[in-house]
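Chains as they are written, first to last, in my numbering: chain A, 519 to 685; chain B, 247 to 674. C-beta atoms are modelled at their ideal positions from N, C-alpha and C, and glycine is treated no differently.
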């Protein structure tokens, strides 16, 4: 069964541990101009009289029906049906940015060689039976790697329990 | 809500209250509430767990204090800061007040300081940090021990490289009654050594007249642990740690048996210790509120020119003091640093946009940083994370901006002004 990385926005505190471990896992050194594959956003919005501050840890969503792969003219972006990962073959990438236009989440980034770079779902770790690096390190348990329907089941149960408890 | 809920406890952060020039009295006021509401030393309230080792409770009795302080202070040279911060010196054992170090190095009073050995000493943690590093330069001999070649290390005559915690053992205890002597994951790299190795090797070279120093580090730990019935040999048999044998029973209201360490033996809302200091400003026996030494209330004239409250010393998860600014991984998480937080309402009034260069100035100096617009700070407040090598905000504090009771610096509240860079009035 395919697994996916899920973010619980209520748990994320924006510490950036996921970003740092992602750089470590993927040998990314920002000073060389390489872009990070996972990023943290801080969102401040005023709800009624209260200011709420939220953090989001964002990377590729590995869409089932990947618009980036469909937009790629050289077949450099591959959707793997076993792991669910969407990966880039940088040897085939021509740096045309079609994927950037196609992606609804603004995920693709381009390195100094103009090759597209993004999260690979830590496919080499996953194939070895490990969790993606960001999930493993998250101190808040905000990032989780589980089968999609299993996570939904947990969420469902949590909500039901809450409803019953308030009765 | 606090007064009507039972039990209830007050949790304070490590620095937010004490880093005020009125920090001790404010703390006392808050702590008086614990006594008033009957929440002192009860389960679920502010329960008191006696410390066992390195400020951590472990439900064991140790001889740590006797080890650290084998002789009473009366038999030794006066502590640094003893004359300027008598109350703190009277109340705190085992330590000197390091905020007074630059002053004593310069004045040579009450005695000259010629040489200094620092363990992870970081001059940027002092108010008027520039004055601190200049003071260190005045020493005849300065040794610093650190994991990294820090800016402070660059001023040292000798730098001794310390190994990290994964390259050494350490004794740790936990409030649940658990104790562990950690095993190193790897041997120390290169010429680095553990802090304790360095201390014991120095003591050996100096041929100090101290049998425990001569016996070595692990023998010293055994001596400290002796009353607990635990020893290093036993701990090494349990590399994952072990529950302490016969843990001290958790008891509520220990004060009914032991009393308080106050002259009256009771919890004092009106301090009999402070009564002895009557007449000194700020030393009121009741926890009276005195405005910060630089504030709208205390210095209204200064506040006209410096209308913002400057707050520093808080932390972001990826930046601890000066430690991780130099690492590209962690610094990339906040690529606009050095930056100061400013409320969007204040920023728009001055035409300041996100990432614009701004000057933050106090009568002591000025730094130029980027503006980070965020509602995390209230209007009228500027928050600047400390320790950045390109914009050291602690330079903006006077070296004597200290709580007279504790000697702690008032990092959380002074006055400053903000200007958009390039739009300064005149040649200030």
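Under the rule that a run must span 3 or more residues, the beta strand (DSSP E) segments found entirely inside the region 357-387 of chain B read 361-365.
Straight-line measurement puts the Cα of residue 251 (chain B) at about 46 angstroms from the Cα of residue 324 (chain B).
Within the same chain, Cβ atoms closer than 8 angstroms to the Cβ of residue 557 (chain B) are found at 623, 627, 628, 629, 630, 657, 658 and 659, the five residues on either side in sequence being excluded. Interface flag for residue 670 (chain A) against chain B is unset, since no Cβ pair is found closer than 9 angstroms. Less than 9 angstroms divides the Cβ of residue 268 (chain B) from the Cβ of residue 537 (chain B).
When the five nearest sequence neighbours on each side are left out, the beta carbons in the same chain lying within less than 8 angstroms of the beta carbon of residue 633 (chain A) are those of 606, 608, 611 and 613, in order along the chain. Annotation: the region 437-482 of chain B contains the following complete segments of the alpha helix (DSSP H) (minimum length 4 residues), in chain order: 441-451, 457-461, 463-471 and 478-482. In the DSSP assignment, residue 501 (chain B) falls outside any beta strand (DSSP E) and lies within the alpha helix (DSSP H) extending over 501-504. Contact check for residue 667 (chain B) and residue 606 (chain B): beta-carbon distance about 10 angstroms, past the 8 angstroms limit, so the pair fails to qualify. Excluding its 5 nearest sequence neighbours in each direction, residue 553 (chain A) has C-beta neighbours in its own chain below 7 angstroms: 627, 629 and 635, listed in chain order.
Looking only at B:495, B:596 and B:619, the smallest Cα-Cα distance to residue 295 (chain B) is reached by B:495. The beta carbon of residue 285 (chain B) sits closer than 7 angstroms to those of 253, 254, 255, 291 and 292, all from its chain and outside the five residues before and after it, given in chain order.
Put simply, of B:422, B:322 and B:393 the residue whose alpha carbon is nearest the alpha carbon of residue 439 (chain B) is B:393.
In the same chain as residue 655 (chain A), and ignoring 5 residues on each side of it, the C-beta atoms closer than 7 angstroms to its own belong to 535, 536 and 539, in chain order. Contact with chain B is found for residue 571 (chain A), since one of that chain's Cβ atoms lies less than 9 angstroms from the residue's Cβ.
Separation of the CB atoms of residue 416 (chain B) and residue 398 (chain B) is rounded to 23 angstroms, and the pair is thereby denied contact status at 8 angstroms. Using a C-beta cut-off of 8 angstroms, the region 306-315 of chain B makes no contact with the region 499-517 of chain B, since fewer than three inter-stretch Cβ pairs fall below that distance. Chain B has a Cβ within less than 9 angstroms of the Cβ of residue 538 (chain A). The three-state secondary structure of residue 572 (chain A), taken from DSSP, is strand. Residue 619 (chain A) carries a helical assignment under DSSP once its states are collapsed to helix, strand and coil. Sixteen is the threshold: since fewer than 16 other Cβ atoms of the shown chains lie within 10 Å of the Cβ of residue 516 (chain B), the residue is exposed. Nearest Cα to residue 590 (chain B) within the set B:580, B:618 and B:420: B:618.
Here the alpha carbons of residue 346 (chain B) and residue 362 (chain B) stand approximately 14 angstroms from one another.
Chain-order list of chain B residues neighbouring residue 541 (chain A): 575, by C-beta distance under 7 angstroms. Residues are counted here when their Cβ sits less than 8 angstroms from a Cβ of chain A; for the region 619-637 of chain B these are 620, 621 and 622, given in chain order.
The beta carbon of residue 571 (chain A) sits closer than 6 angstroms to those of 562, all from its chain and outside the five residues before and after it, given in chain order. For residue 524 (chain A), no CB of chain B lies under 9 angstroms from its own CB, so it is not counted at the interface with that chain. The C-alpha of residue 411 (chain B) is placed about 21 angstroms away from the C-alpha of residue 303 (chain B). In the structure shown, residue 597 (chain A) adopts extended strand secondary structure according to DSSP, grouped into three states.
For residue 342 (chain B), the CB contacts under 7 angstroms within the same chain, skipping 5 residues up- and downstream, are 325, 326 and 327 in chain order. For the region 553-640 of chain B, the continuous beta strand (DSSP E) assignments of 3+ residues that do not extend past its boundaries occur at 554-558, 585-588, 603-608, 611-619 and 627-630, in sequence order.
Using beta-carbon distances, residue 563 (chain B) counts as an interface residue toward chain A, with a partner under 9 angstroms. Under DSSP, residue 634 (chain A) forms a beta bridge with A:628.
Annotation for residue 671 (chain A): no beta strand (DSSP E) segment contains it, though the alpha helix (DSSP H) segment containing it runs 666-684. For residue 488 (chain B), the beta-bridge partners assigned by DSSP are B:425. Listed as beta-bridge partners of residue 530 (chain B) by DSSP are no residues whatsoever.
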